[in-house]
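Q:
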Amino acid sequence: MSKSVSNPRSTTKTNWAQCAICQANKEENLRCPADSKRSSDIGAGYKTLAANIAKFNDLGCMPTEFDLSRLDEGGGLESTFLRCKARWHKSCYDQFNSTKLKRAEKRRALEHEQPVGEKYTRSNSTESLDSAATCFICDECCTRNNPLHNVSTLGVDARVRKCAFALQDEKLLAQLSAGDLVALEAKYHAPCLASLYKKAGTIRDGDEEDEMIPRRPEGIALAELVSYIEESRMHYQKFESSIIFHSERRLNMADENYRRFAAELPVFKLAELADKYTSRLAQLGESKTARIHTTRLKDRILSHIPALEEHKQGRDVFLAFKKDLANALQKAHKEDCDEEAMHLAKAASIVRKDMLAKKHTFNGSFEANCQENSVPPSLVSLVNMILYGPNIEMQASTSSKSQAGLTISQLLQYNSYHRRREGDVKRERRNKSRETPLRFMWGLTIP
8 MSKSVSNPRS TTKTNWAQCA ICQANKEENL RCPADSKRSS DIGAGYKTLA ANIAKFNDLG
68 CMPTEFDLSR LDEGGGLEST FLRCKARWHK SCYDQFNSTK LKRAEKRRAL EHEQPVGEKY
128 TRSNSTESLD SAATCFICDE CCTRNNPLHN VSTLGVDARV RKCAFALQDE KLLAQLSAGD
188 LVALEAKYHA PCLASLYKKA GTIRDGDEED EMIPRRPEGI ALAELVSYIE ESRMHYQKFE
248 SSIIFHSERR LNMADENYRR FAAELPVFKL AELADKYTSR LAQLGESKTA RIHTTRLKDR
308 ILSHIPALEE HKQGRDVFLA FKKDLANALQ KAHKEDCDEE AMHLAKAASI VRKDMLAKKH
368 TFNGSFEANC QENSVPPSLV SLVNMILYGP NIEMQASTSS KSQAGLTISQ LLQYNSYHRR
428 REGDVKRERR NKSRETPLRF MWGLTIP
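8 is the number of the first residue of the sequence shown in this note's numbering; add one for each residue after it.
1. Which value, in whole angstroms, describes the spacing of the CA atoms of T301 and V274?
2. Under the DSSP definition of a beta bridge, which residues are partnered with K276?
3. Using a Cβ-Cβ cut-off of 7 Å (strictly less than) and excluding sequence neighbours within five positions of L136, which residues of its own chain qualify?
4. Alpha carbon to alpha carbon, how far is S98 from S76?
5. When the Cα atoms are used, what is the spatial distance from N64 to T106?
6. In terms of alpha-carbon separation, which member of Y195, K205 and P313 lies closest to E237?
7. Residues in the same chain with beta-carbon distance under 8 Å from E442, minus the five sequence neighbours each way, listed in chain order, please.
8. Are the segment 50-64 and the segment 100-117 touching by the rule of at least three beta carbon pairs closer than 8 Å?
9. Can you give me the C-alpha to C-alpha distance between N59 and A31, rounded to a whole angstrom?
10. Confirm, please, whether the CB-CB distance from K283 to L232 is below 9 Å.
11. Hey, could you find the ends of the beta strand (DSSP E) Q175 is sitting in?
12. Measuring CA to CA, which of H96, A348 and L84 is closest to N36?
13. How far does the alpha helix (DSSP H) with L419 in it extend, from its first residue to its last?
14. With the cut-off set at 9 Å, would you say V163 and K194 are in Cβ contact?
15. Where do the N-terminal and C-terminal ends of the alpha helix (DSSP H) with L304 fall, by residue?
16. Would you report the Cα separation of R359 and E346, rounded to the nearest angstrom?
17. Closer than 9 Å, CB to CB, is A228 near chain B or not?
18. Can you grab the Cα-Cα spacing for the pair K20 / A57, in whole Å?
19. Would you mind working out which of R322, H311, C344 and G321 sits nearest F328, comparing C-alpha positions?
20. Less than 9 Å between the C-beta atoms of D361 and L394, yes or no?
21. If you draw a straight line from the alpha carbon of E317 to that of V324, how long is it in whole angstroms?
22. In whole angstroms, what separates the C-alpha of R94 from that of C68?
23. Compare the C-alpha of Y100 against each of T160, S416, C29 and L180 and name the closest.
24. Quick one: Cα of V390 to Cα of Q320, how far?
25. Just how far apart, CA to CA, sit R298 and A181?
26. Let me check one thing: in DSSP terms, what residues is T4 bridge-paired to?
27. Where does the unbroken alpha helix (DSSP H) through Y395 begin, and where does it stop?
28. Taking the straight line between their C-alpha atoms, what separation do you get for R445 and H425?
29. Smallest Cα separation from S416: which of V167, K365 and E147?
30. Going along the chain, which residues of its own chain have a beta-carbon closer than 7 Å to the beta-carbon of A281, five neighbours each way excluded?
This is the structure:
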């Protein structure tokens with residue numbers, strides 16, 4: 008049913024115990040569809056291979072040369088494979104798979120296609136293979152001083168397309184319409200490609216003025232932002248001079264003027280500057296919806312005001328003048344000290360309130376937990392935090408509930424006053440309702 012390919016084997020008898028295709032002994036295992044456990048798949052492998060071998064033979068492009076007639080012992084290839092339980096190596100079977108068959112059919116179809124209306128000359132009829140090895144820009148061949156290079160990246164293809172559209176080169180656009188240059192295996196001279204880029208660059212330079220028009224609102228907004236920073240600096244310098252002029256009046260650190268002076272230190276948060284910049288762009292009619300790149304905005308501001316310095320604090324970025332940085336640090340240090348003092352006063356007020364509200368009178372006996380019951384828990388917690396630190400693991404451990412914390416807490420509780428008498432008091436009087444067991448324990452231990 009099928010013809011043999013060239014160079015047939017000397018034997019026409021197939022050893023079905025070996026690979027039906029190569030008839031060779033290899034280390035590779037043999038595969039037999041007849042051994043499949045699923046009865047419905049036994050003939051599927053034979054059918055596919057038989058059909059593919061026949062199609063490869065009809066195309067005249069068999070992957071390997073052998074006598075095709077030896078595989079047909081009557082009834083066709085598929086029937087012979089099934090009856091003789093044919094087996095093969097996977098590598099041999101892959102030479103005839105459906106993917107390679109489709110590629111072979113595609114190559115054969117391209118070979119038979121002839122372009123309509125294309126002119127050929129007698130002088131070039133015998134040089135069809137060499138005609139493809141020309142530069143796609145100048146159509147010249149390769150020379151010793153000017154070799155051809157293959158287009159190997161899609162980046163070159165994309166840039167060549169931009170240049171072709173910019174130059175409106177009809178010849179180049181027609182070549183590019185056939186596909187990308189990598190798939191077409193296009194070749195080029197390096198000077199030709201550089202010249203193409205240069206011509207297209209000259210055309211684009213003429214359009215730069217039009218491209219810069221949409222960026223004018225950005226320039227206006229940036230100029231106004233720079234003016235805002237400089238005016239804030241000038242206003243601060245004037246106020247600073249006024250403060251120095253009135254320093255002879257012994258300006259108090261808590262005075263309202265000093266607070267105004269400290270509050271107006273020219274330190275700018277980059278996020279706030281970006282918000283002002285974005286808001287101004289919207290007022291100027293800029294329809295940009297993308298988020299402003301704050302790092303680029305910062306670099307543009309620093310390029311216009313070299314006296315500014317960048318300072319990072321966590322995720323925030325601050326811009327400050329070098330000369331004013333010391334004042335800003337002084338202000339921050341003063342605010343931190345004041346805030347810490349306020350925290351101490353509040354903590355003392357909270358614990359003192361609990362201490363005065365706690366009532367405990369000694370009844371003549373030392374009961375269980377009498378020490379813990381004589382002092383408020385907030386006082387014990389504060390003392391333990393001072394002794395061992397506020398770490399939750401340390402506070403949860405037994406060491407945080409030691410006798411030292413209870414002893415100090417009882418001393419503080421016993422010696423606390425609701426309101427101390429004025430003047431020089433020689434003998435202090437204690438409140439009986441705040442008596443602690445510690446006082447009596449010490450009294451009993453004294454001989």
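Backbone N, C-alpha and C fix where the C-beta goes; we use that ideal spot for every residue, glycine too.
A: Looking at the coordinates:
1. 17 Å
2. F325
3. Confidence at L136 is low in this model, with a pLDDT of 34, below 50, so its placement is unreliable and no value can be given for it.
4. 22 Å
5. 16 Å
6. P313
7. H367, T368, F369, S381 and Y421
8. yes
9. 21 Å
10. yes
11. First-last for Q175: undefined, no H or E at that position.
12. H96
13. Q410 to Y421
14. no
15. T301 to H311
16. 20 Å
17. Judged by its chain identifiers, the structure shown contains no chain B, having just a single protein chain.
18. 18 Å
19. H311
20. no
21. 7 Å
22. 23 Å
23. C29
24. 34 Å
25. 40 Å
26. Coverage of the chain is limited to positions 8 through 454, which leaves residue 4 absent and any answer about it impossible.
27. P384 to Y395
28. Per the sequence presented here, residue 445 reads as Leu, with Arg not at that position. Computed Cα separation, rounded: 21 Å.
29. K365
30. I299, T301 and L304
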